[in-house]
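Student:
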Amino acid sequence: MRQRRNSSPLALQAKGSNSGSSARSFAAHAAELAPVSAQRLTVATWNVNGLRARVERVGTWLDAFAPDVVLLQETKCNPEQVPAELFAPRGYTWCAQGAGGRNGVLIASRVGLEPSDDRLVSAAAPASEVDLLTEPRFISATCAGLRVASIYAPHGREVDSPYWHEKLRWYAALRDWSATRLTAADPLIIGGDFNVAPTDDDVWDPAVLAGGTHVSEQERAAFAALTGLGLADAAVALATPEEKAPYTWWDYRNGAFHRGWGMRIDQILVDPRAGRLVASSVDREGRKGASPSDHAALQATIERSAATA
Numbered sequence: 369m370r371q372r373r374n375s376s377p378l379a380l381q382a383k384g385s386n387s388g389s390s391a392r393s394f395a396a397h398a399a400e401l402a403p404v405s406a407q408r409l410t411v412a413t414w415n416v417n418g419l420r421a422r423v424e425r426v427g428t429w430l431d432a433f434a435p436d437v438v439l440l441q442e443t444k445c446n447p448e449q450v451p452a453e454l455f456a457p458r459g460y461t462w463c464a465q466g467a468g469g470r471n472g473v474l475i476a477s478r479v480g481l482e483p484s485d486d487r488l489v490s491a492a493a494p495a496s497e498v499d500l501l502t503e504p505r506f507i508s509a510t511c512a513g514l515r516v517a518s519i520y521a522p523h524g525r526e527v528d529s530p531y532w533h534e535k536l537r538w539y540a541a542l543r544d545w546s547a548t549r550l551t552a553a554d555p556l557i558i559g560g561d562f563n564v565a566p567t568d569d570d571v572w573d574p575a576v577l578a579g580g581t582h583v584s585e586q587e588r589a590a591f592a593a594l595t596g597l598g599l600a601d602a603a604v605a606l607a608t609p610e611e612k613a614p615y616t617w618w619d620y621r622n623g624a625f626h627r628g629w630g631m632r633i634d635q636i637l638v639d640p641r642a643g644r645l646v647a648s649s650v651d652r653e654g655r656k657g658a659s660p661s662d663h664a665a666l667q668a669t670i671e672r673s674a675a676t677a
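369 is the number of the first residue of the sequence shown in the numbering used here; add one for each residue after it.
#1: Take Glu461 as the anchor and find which of Thr443, Asn446, Glu482, Lys444 has the nearest alpha-carbon.
#2: Under 8 Å: do the segment 561 to 573 and the segment 509 to 521 share three or more Cβ pairs, one atom per stretch?
#3: When DSSP labels each residue in this structure, what does Gln441 get in the three-state scheme?
#4: What span of residues does the beta strand (DSSP E) with Gln635 cover, start to end?
#5: Assign Phe506 to one of three DSSP states: helix, strand, or coil.
#6: What residue does the alpha helix (DSSP H) around Ser673 start on, and which one ends it?
#7: Under 8 Å: do the segment 434 to 444 and the segment 461 to 479 share three or more Cβ pairs, one atom per stretch?
#8: In angstroms with no decimal places, state the Cα-to-Cα distance between Val498 and Pro530.
#9: Please tell me whether Asp634 and Gly560 are closer than 8 Å, where the distance is taken between their beta carbons.
#10: For Arg312, count neighbouring Cβ atoms within 10 angstroms of its own Cβ and tell me buried if that reaches 16, exposed if not.
#11: Output the boundary residues of the alpha helix (DSSP H) element that contains Asp544.
#12: Look at Thr410 and Pro447 and say whether their C-beta atoms are less than 8 Å apart.
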């Protein structure tokens, strides 16, 4: 979400706890998720709200968690402006789409990366003077035999505005692309800032937020059309009745983070063919400190059998 770190993110919020009371040390988390074989793979997504402004934070996060595949959104830089020191020294290759100070998406991988020139297309005419399908909000690549996509869905501005209708058109194009990809041999994983809270459980107060973007019936239906293709929402799949999937975004204003006024608008959607989901977590610690992003990083780990790897 657009609303327009230097604490070290050495603890994760366990899946489902929005209070942060179950934050664990990185050492404990690493021991839990340490690959027992080459068959475990972790995908992380983070709307950094300006990559160049968060170089130190992103670097510290990469060092702490070392996800195999990294999906970033709202990088706000052209590909040639991506800080060179972030990825190559840590064993990552990367590809990016960007347009200066707005939007921008990136994929980095330490398990191989083959960029794709796929783009989202729609036969329908744009719903506003701006064709949001032409903005750098989508990028995909093949990593370790998986097709992964980093997406930054449009905000929508106001319900029933031209930009809101254009958001729905963008979502329809993403659904069409996803449906086609699901017929291909490579399993699909889509991660990013979806700018939709799928259910009332994904917002701090449904009554306060009713009537706004991110929670409208049409936006939720557009998101449900993606999961309806058979993609699993990782955080929800691993949540429990006692611990719902954790928030990933908090407004900068009014002390929202410390009050727990959040929303779950970042997701990782996993094709069941990719493997078995074994863990999902949100880095609440990375949302603390000076000049954080308004989003926290989300990651999911899958266990791949010989048949899926």
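Note that CB positions come from ideal geometry on N, CA and C, so glycine has one too.
Tutor: So, from the data block:
#1: Looking at the sequence shown, residue 461 is not Glu but Thr. Here the closest residue by C-alpha is Glu482.
#2: Yes: the two stretches touch, three or more of their Cβ pairs being nearer than 8 Å.
#3: strand
#4: Counting along the chain, the beta strand (DSSP E) containing Gln635 begins and ends at 634 to 638.
#5: strand
#6: Counting along the chain, Ser673 falls outside any alpha helix (DSSP H), and DSSP gives it neither H nor E.
#7: yes
#8: 9 Å
#9: yes
#10: The shown model of the chain, from 369 to 677, leaves out residue 312, and the question about it has no answer.
#11: 530 to 549
#12: no
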